[in-house]
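Protein chains in written order, with full-length UniProt numbering: chain G, 1 to 135; chain Z, 1 to 135; chain S, 1 to 135. From the three backbone atoms N, C-alpha and C, an ideal C-beta is built for every residue, glycine too.
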Amino acid sequence: MPDKVSMIVFSGTDDKLIPVGVISQAAAALGYEVQIFFTGWAMFKLLKEPMPETWPKEFEGMVPKLKEGLARVKAPSWKDMLKEAKKMGAKVYVCSLMAEAAGLKKEHFDPSLVDDIVGVTTFLENARGGQVLFI
Amino acid sequence: MPDKVSMIVFSGTDDKLIPVGVISQAAAALGYEVQIFFTGWAMFKLLKEPMPETWPKEFEGMVPKLKEGLARVKAPSWKDMLKEAKKMGAKVYVCSLMAEAAGLKKEHFDPSLVDDIVGVTTFLENARGGQVLFI
Amino acid sequence: MPDKVSMIVFSGTDDKLIPVGVISQAAAALGYEVQIFFTGWAMFKLLKEPMPETWPKEFEGMVPKLKEGLARVKAPSWKDMLKEAKKMGAKVYVCSLMAEAAGLKKEHFDPSLVDDIVGVTTFLENARGGQVLFI
């Protein structure tokens, strides 16, 4: 049985989506079974019409330099890294409770990113025996 | 031996307490051994006279809609979910170092929520061999 | 084989560095194999000339009392706790992708804190089979 890495992505600021992409892609490439469960504010980043960019208030002044640096080293966007991870088998889910509370259905989400809307129980069962990160 | 889910809850914004409640209740219902270790700002949410509501500055504008949606789908409060988890065996601890630094003793905390004040070493020993989330 | 605790430290606010120090030192003392991978904003706290203190906007008003309380209970600084953990074998790494994007090399980082700059793949391989916290 392969090792598993599961992520619960709650924070919706764009900075924290970078490690979501990086870890997903690296773990999938290493042969890990990867699942990512988007909930909270982060869920709105997966919509066909996603929430605009949001950066943490504490570090707003450092964002232009971060973006410039990531462009210079040709880092792919977090969405492109997530898509690469998905090509290697990673699964991306949206939390059914939070989607329902926001009045969102599967058709509202970008189908190139989201595999399904599932409950936390399904997520926990899939995650059993593996590593879990809360981001 | 049952699988274990342990959580370190540090962030004191109310949004992140929703997944604490949801995950606790779902994991306890699945038969996981659940322990939750409140520290940092989150500890003040467990007081008999808790800290007032605090929401992340970046998403303040979305809070009324979130609350309305959670009410519409009849989601229980995080405290009620935590209490359900506790009925199924989940344990809730407060970090002794942070409590002492804040001048707080066991009698300051809501006894319907908090089982005990313990040190991080006890938490880590209880968490050994299981999943750990930092929230 | 000893149990392992790995941490990805992304958030750069000073409050979250307290649990990084506390958990590192406690886990190392318990005999865990500990590695800490600094990335994102947190990386700038390890520079020879570190980023100034930054606290979460939501809790700024509570910071003076927190600092006063930690001083009163004689809690060591997070850097001193990290150094204690390192004496017991903990390893501290900086993320190569984020360092390169920021134009930072090994010589920019405080050698009493940082062991090496490594990629996320190395981190994940080291973390395999253990607990992983995202802070």
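Roughly how many whole angstroms lie between the Cα atoms of residue i and residue j?
| i | j | result |
| --- | --- | --- |
| Asn126/G | Lys65/S | 42 Å |
| Pro19/Z | Pro19/S | 20 Å |
| Glu117/G | Phe10/Z | The residue asked about is misnamed: residue 117/G is Ile in this sequence, not Glu. Roughly 28 Å between the two C-alpha positions. |
| Lys16/Z | Ile135/Z | 7 Å |
| Leu70/S | Met43/S | 23 Å |
| Met88/Z | Val114/S | 43 Å |
| residue 142/S | Ala28/S | Residue 142/S lies beyond the residue range present for chain S, which begins at 1 and ends at 135; the question has no answer from this structure. |
| Pro132/S | Phe123/S | Strictly speaking, residue 132/S in this sequence is Val, with Pro absent from that position. Going by the C-alpha atoms only, they are around 10 Å apart. |
| Phe38/S | Lys83/S | 15 Å |
| Asp68/G | Lys74/G | Per the sequence shown, residue 68/G should be read as Glu rather than Asp. Whole-angstrom Cα-Cα distance: 10 Å. |
| Thr54/G | Trp41/G | 10 Å |
| Pro111/Z | Gly119/Z | 18 Å |
| Arg128/S | Glu49/Z | 42 Å |
| Met62/G | Pro2/Z | 45 Å |
| residue 155/G | Asp14/G | The question about residue 155/G has no answer, for chain G in this structure spans 1 to 135. |
| Pro52/G | Lys45/G | 8 Å |
| Ser96/Z | Lys57/G | 30 Å |
| His108/Z | Lys105/S | 48 Å |
| Pro130/S | Ser24/S | According to the sequence provided, residue 130/S is Gly. The question's Pro does not apply to it. Their Cα atoms are separated by approximately 14 Å. |
| Trp78/Z | Gly12/S | 27 Å |
| Pro76/S | Ala85/S | 12 Å |
| Thr121/Z | Val22/S | 9 Å |
| Ala26/Z | Arg72/S | 39 Å |
In this structure, what does DSSP give as the bridge partners for residue i?
| i | result |
| --- | --- |
| Leu133/Z | Met7/Z |
| Ile117/Z | Val94/Z |
Ordered list of beta strand (DSSP E) runs contained in the segment 28–79 of chain S, each at least 3 residues: 33–38
Do the segment 28–45 of chain G and the segment 2–12 of chain G make contact, defined as three or more Cβ pairs closer than 8 Å? yes
My parser needs the beta strand (DSSP E) runs of 3 or more residues fully inside the segment 76–108 of chain Z; what are they? 91–95
So does the segment 100–113 of chain G actually touch the segment 84–96 of chain Z, counting three or more Cβ pairs closer than 8 Å? Flag = no, the segment 100–113 of chain G and the segment 84–96 of chain Z do not touch.
Residues of the segment 15–30 of chain Z whose Cβ lies closer than 7 Å to any Cβ of chain G, in chain order: Asp15, Lys16, Pro19, Val22, Ile23, Ala26, Ala27 and Leu30
Below 7 Å between beta carbons is the criterion; list the residues of the segment 40–52 of chain Z that meet it against any residue of chain S, in chain order. Gly40 and Trp41
Compile a chain-ordered list of the residues in the segment 62–85 of chain S whose CB is closer than 9 Å to at least one CB of chain G. none
Output, in sequence order along the chain, the residues in the segment 90–116 of chain G whose CB is closer than 7 Å to any CB in chain Z. Leu97, Glu100, Ala101, Ala102 and Gly103
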